[in-house]
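Inspection log for the structure reproduced underneath, given as structure tokens.
In this note's numbering, the protein residues as written are 22 to 201.
Structure representation (structure tokens):
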């Protein structure tokens, strides 16, 4: 049996998509444009890549499915507390699902006032987020360069006045899709 291709290409002739068959992602030409589908343990995403209308093809709605429960508020409060403690430097957090619960980890990193860089691989991490201390919760061009896997990325800003958390799914540098 051959391994699946890194990338696969499909045409949505009806609303039922075939079983996912790619190591990274699939481009799907659909009635609502070109969409990107990717699946990994704990997460599946169908996101708009190139919006448009392609007559005769099936409409495939965007989808975001997290296999696990929402991250509990006490972990988000701990992330906020640690971010405030480290400020004015940024800090990076990993959230992983293990033993039927979310676990918070602080990976090895270098950090300063305007950046944080992980020092090890994060391929198996499902959620990676970092602080922007007093700045807005906005993804920077540096974030776009560094966030290269398929996972949920987050940034927390205004941590002392009105903490705001923004989340997006990143799919192997091909797409960033903000999660409302």
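For glycine and all other residues, C-beta sits at the position ideal for the given N, C-alpha and C.
Own chain residues within Cβ distance below 8 Å of residue i, not counting five before or after
i: residue 143; result: 115, 128, 149, 170, 172
i: residue 47; result: 28, 29, 30, 31, 41, 57, 58, 59
i: residue 63; result: 87, 88, 89, 118, 147
i: residue 96; result: 116, 123, 125
i: residue 133; result: 110, 111
i: residue 136; result: 111, 163
i: residue 92; result: 116, 123, 148
i: residue 165; result: 197
Contact set for residue i: own chain, Cβ-Cβ below 7 Å, skip 5 residues either direction
i: residue 99; result: 125
i: residue 67; result: 56, 58, 81, 83, 84
i: residue 184; result: 101, 177
Residues that DSSP places opposite residue i in a beta bridge
i: residue 69; result: 56
i: residue 29; result: 47
i: residue 171; result: 192
i: residue 199; result: 189
i: residue 38; result: According to DSSP, which records beta bridges pairwise, residue 38 is partnered with nothing at all.
Assumed close pair residue i, residue j - CB separation to whole angstroms, cut-off 8 Å
i: residue 73; j: residue 54; result: 4 Å
i: residue 191; j: residue 168; result: 5 Å
i: residue 160; j: residue 139; result: Actually they do not touch by this definition, with Cβ atoms about 16 Å apart.
i: residue 69; j: residue 44; result: No, residue 69 and residue 44 are not in contact; Cβ-Cβ is about 22 Å, not under 8 Å.
i: residue 50; j: residue 33; result: 7 Å
i: residue 105; j: residue 180; result: 5 Å
Same chain, Cβ closer than 6 Å to residue i, neighbours up to 5 away in sequence not counted
i: residue 52; result: 75, 78, 79, 80
i: residue 131; result: 138
i: residue 187; result: 158, 176
Contact with chain B by residue i, beta-carbon distance below 7 Å
i: residue 42; result: Absent from the structure is chain B; it holds one protein chain and no more.
Contact between the stretch 150-167 and the stretch 110-124: three or more CB pairs below 8 Å? yes
Check whether the stretch 172-185 touches the stretch 33-53, taking contact to mean three or more Cβ pairs, one atom from each stretch, closer than 8 Å. no
Under 8 Å: do the stretch 70-86 and the stretch 186-201 share three or more Cβ pairs, one atom per stretch? yes
Write down every uninterrupted run of the alpha helix (DSSP H) in the stretch 73-142 whose length is 4 residues or greater and which is fully enclosed by it, in chain order. 94-107
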